[in-house]
Every structure is written in structure tokens, then in C-alpha cells.
Amino acid sequence: DAMVIQNPRYQVTQFGKPVTLSCSQTLNHNVMYWYQQKSSQAPKLLFHYYDKDFNNEADTPDNFQSRRPNTSFCFLDIRSPGLGDAAMYLCATSSSGGRSFYSNQPQHFGDGTRLSIL
Amino acid sequence: DQQVKQNSPSLSVQEGRISILNCDYTNSMFDYFLWYKKYPAEGPTFLISISSIKDKNEDGRFTVFLNKSAKHLSLHIVPSQPGDSAVYFCAARDFYGGSQGNLIFGKGTKLSVKP
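Residue numbers (this note's numbering), protein chains in the order written: chain D, 1 to 118; chain B, 1001 to 1115.
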């Protein structure tokens, strides 16, 4: 089945130690998203790639970076994790990214990576 | 300030009855609305959507109603089944706004369907 896969499911890192979360997809979607979700909160969009075009949300901290080496893979890098960065990180994909008014394709989510900071 | 609000953190319903999950929004420019369902330890799964030019969309046991004048969206599940127990997220898109058509999510409502 075509899907969005996130690895690892659980990640523990130390305060200030860089960490990378990965996401891969077999859906061949051109848009990939990274969300941060804290307990009992709404998923918050960090950034997205429209093909190779990177789009950062205005309030995403500089500590968060992303790479998309090809269509299938996207990485979230946290350069110096703080305690406030402990959260569930969700990757999602869609086709067109909603830039076509007539394309109402929903986003498909992975199962997330739960990040803990020691 | 939250643009998409799900004011009920939780809802409990008896199996076979109707579940009604509510969502309010503040941005009149939202053009597309979606509901996602999330089980523990899994990512959100798309459930049903509705365009702002419609007031109702139905898919099996799931119906979404949109009241644009009230800026209110609701998801009806009839009949409710224990397997429907999950967190339900409402999401909205503002295609012509500054968000480039990205989705804005509510905080979710946890539905419990009791046998």
C-alpha cells in the first residue's frame, strides 16, 4: 500500500544535541509537510516543500530546518533541541498542495515521531 | 488567536446513537474544510471534506454540514460504533490567504463510543 512512513517512531535526544527525523512516501506526491503537535494542541505547520520549493512558516524557529533530497524523502533537522521542542512531529504529503483551487486533495499523514528531550 | 476552534475536548456517545462533533471558525475566507480521525499512536487519517460552496456532504455513516453564515461546521456519525472512538480534528483552508492554501487545524475532540 502506498503510504507515508516516519522513522523512528520514538526519538530521545539530549538537550542541545542535534537530531534528525525522517519521512518517506510512496504516494509520489509533490508536496510534503512537517507539523509539530504538542499534547492536546492542534497540529502546527512548521514548513512545507512544494516540489523543491521550500516554504517556511513565519513563526517557525530558526532552530528547525528541513531537507528534501528527492521526491520520496524529507528530513526535519532540529539543530539545538530545547525542552520546549518535545512533541509529536507529523509528516504529511499531498498532491498540488492546494495551489489549484479545483484540487482539493487531502493531506496524508504518517504515524509521527514522538521526540523526547532529556 | 485560533482560527479553527473545537470547543468540546471530549464527547461520549452510546453505540448506535448519533455523534455530533462541532467546529467553529473565524476566517470567512476559508474555502475548504476537512475532518480527520486519529487513533492513538497513529497519524491523522482523512475522513471527509466539504467545499465552501456546499452545505452538506455525505459519505456512508459520515455527514458534514457547513453553515457559512454562522461559521460553523459539524460532523455527524450515524450510527456510532465503538471503532469510531478516536480524536477528530477539524481543519480548514484559506486558499487565497497568506497561508498558501495550507491547512489550519483545531485542537481536536476525543470521541468515545460506548458499547
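Even glycine gets a Cβ: it sits at the ideal position worked out from N, Cα and C.
From a predicted model like this one, the values you see are computed outputs, not experimental measurements.
Let me know the beta strand (DSSP E) ranges lying completely inside the segment 1051-1079 of chain B, each 3 residues or longer, listed in chain order.
Those beta strand (DSSP E) runs which fall completely within the segment 1051-1079 of chain B and span 3+ residues are 1056-1059, 1062-1067, 1072-1077.
If you draw a straight line from the C-alpha of SER96 of chain D to the C-alpha of SER1019 of chain B, how long is it?
One-based indexing of the first sequence puts residue 96 of chain D at position 96. One-based indexing of the second sequence puts residue 1019 of chain B at position 19. Computed Cα separation, rounded: 33 angstroms.
With a 10 Å radius around its C-beta and 16 neighbouring C-beta atoms as the bar for buried, classify GLN14 of chain D as buried or exposed.
For the purposes of this step, residue 14 of chain D is taken as residue 14 along the first sequence, with counting starting at 1. Counting Cβ neighbours within 10 Å, GLN14 of chain D comes out exposed, since fewer than 16 surround it.
Could you say which of B:SER1049, B:SER1085, B:GLU1015, B:ASN1022 lies nearest to SER1074 of chain B if we only look at CA atoms?
In the second sequence, the residue the question calls residue 1074 of chain B occupies position 74. Of B:SER1049, B:SER1085, B:GLU1015, B:ASN1022, the smallest CA-CA separation from SER1074 of chain B is found for B:ASN1022.
Reduced DSSP secondary structure (H/G/I, E/B, other) of SER72 of chain D
Working through the first sequence from its first residue, we reach residue 72 of chain D at position 72. Coil at SER72 of chain D, not helix or strand.
Starting from SER1012 of chain B, trace the beta strand (DSSP E) both ways and give me its first and last residue.
Along the second sequence, read from residue 1 onward, the residue named residue 1012 of chain B stands at position 12. Where SER1012 of chain B is concerned, the enclosing beta strand (DSSP E) stretches over 1010-1014.
8 angstroms Cβ cutoff met for LYS1071 of chain B and ASP1024 of chain B:
Locating residue 1071 of chain B in the second sequence gives position 71, where the first residue counts as 1. Locating residue 1024 of chain B in the second sequence gives position 24, where the first residue counts as 1. Contact: yes.
Does the beta carbon of HIS48 of chain D come closer than 8 angstroms to any beta carbon on chain B?
Taking the first residue of the first sequence as 1, we reach residue 48 of chain D at position 48. So, interface residue.
So what's GLY97 of chain D in DSSP terms, helix, strand or just coil?
The residue given as residue 97 of chain D occupies position 97 in the first sequence. In this predicted model, GLY97 of chain D has a pLDDT of only 49, less than 50, meaning its place in the structure is not dependable enough to derive any value.
How would you call ASP111 of chain D, buried or exposed, if buried means at least 16 neighbouring beta carbons within 10 angstroms?
By one-based count along the first sequence, residue 111 of chain D stands at place 111. In summary, ASP111 of chain D is buried, with 16 or more beta-carbon neighbours lying within 10 Å of its beta-carbon over all protein chains present.
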